[in-house]
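Input: a single structure, listed below in C-alpha cells.
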Amino acid sequence: MRSITTLELQYAHRFYNFKGEAQYLHGHTGVLTIEVEDSVEPGVNMVFPCNEIQKTAWEVLKNFDHALILREDDPLLPAVLKVYEEQGIRNGAPTNKMKGPAFKTELATAYPECRLVVTKETMTVEGMIKIVYDLLKDKLNIAKITFTSGVNAGSADFKPDKKIDRCPWCGIALNENGVCPKCGYKKK
Ligand SMILES: [Zn+2]
Ligand SMILES: [Zn+2]
C-alpha cells in the first residue's frame with residue numbers, strides 16, 4: 056500500500072537558452088507529491104505516517120523554498136552572486152532562517168545561506184523529479200513522485216526496494232540499532 060504526502064515550494068527559475076518565455080526569470084508555486092510504498096506496519100496500521108514523510112522531505116527540500124534555482128552554466132549565476140556579495144548577503148542575512156542543511160549531489164547543489172540552488176540540468180518539472188528522487192531515495196521507499204508547476208506537470212514511478220523496519224508504536228523508521236528515535240521502542 057502507499058502513504059502519500061504533498062508539499063508546496065515557491066521558487067524562481069528560468070530555462071537558460073530555451074526558446075520560449077521561460078527563458079526569462081519567473082516564479083512558481085510548485086506542488087510536490089511523494090508516494091511511499093511498503094507493507095502496512097500492523098502496530099500502527101499505516102505504511103508510514105504522512106507527517107513524517109513530509110518532515111523528512113522538507114528537511115532537504117526547504118532549500119528550494121523561496122529560493123532561486125539556476126543552471127550551473129547560466130550567466131545570471133555569477134551576476135546574482137556578485138550583487139549578493141556587494142550587498143553583504145552572499146553568506147547569509149539575519150532574516151534568512153528557514154534553511155536546510157547544505158547539500159551537493161550529482162544533480163544539484165544547495166547554498167542555503169543565500170537561498171540558491173544550482174542545478175546541472177534545466178529545472179523543469181522532469182528535472183525537479185530527478186533531483187528530489189536523488190535526494191530522498193535512501194531515506195524513503197519512494198514509489199512515485201509528481202511535480203506540478205504552473206501548467207507543467209510530470210510524474211515518475213520508481214521501484215521501492217528497501218526494507219525499512221518501522222516502529223509498531225509510532226510508525227517511523229527505526230535507526231541502525233533498531234531503536235525508534237521518537238519513542239525509544241527497541242526491536243527485539
Ligand atoms: Zn517556470
Ligand atoms: Zn516509536
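In this note's numbering, the protein residues as written are 56 to 243.
Every residue gets a Cβ at the ideal spot worked out from N, C-alpha and C, and that includes glycine.
Computed from a prediction, not measured in an experiment: that's the story for all the values here.
- Residue nearest to residue 142 within the set 77, 98, 60, 169 is 169 (criterion: CA-CA distance).
- Looking at 158, 166, 212, the one whose alpha-carbon comes closest to that of residue 181 is 212.
- One Cα belongs to residue 99, the other to residue 135, and the distance between them is close to 49 Å.
- With a threshold of 16 other beta carbon atoms within 10 Å, residue 239 falls short and is exposed.
- Between residue 140 and residue 131, the alpha-carbon positions lie close to 14 Å from each other.
- Bridge pairing for residue 241: 234 [DSSP].
- When only Cα atoms are considered, residue 235 and residue 106 end up about 16 Å apart.
- For residue 197, there is no enclosing alpha helix (DSSP H); the residue is part of the beta strand (DSSP E) that begins and ends at 197-204.
- Take residue 186, set aside five residues on each side of it, and the residues of its chain with a beta-carbon closer than 8 Å to its own are 160, 162, 163, 174, 178, in chain order.
- In this structure the region 74-84 does not lie against the region 187-197, because fewer than three pairs of beta carbons, one per stretch, are closer than 8 Å.
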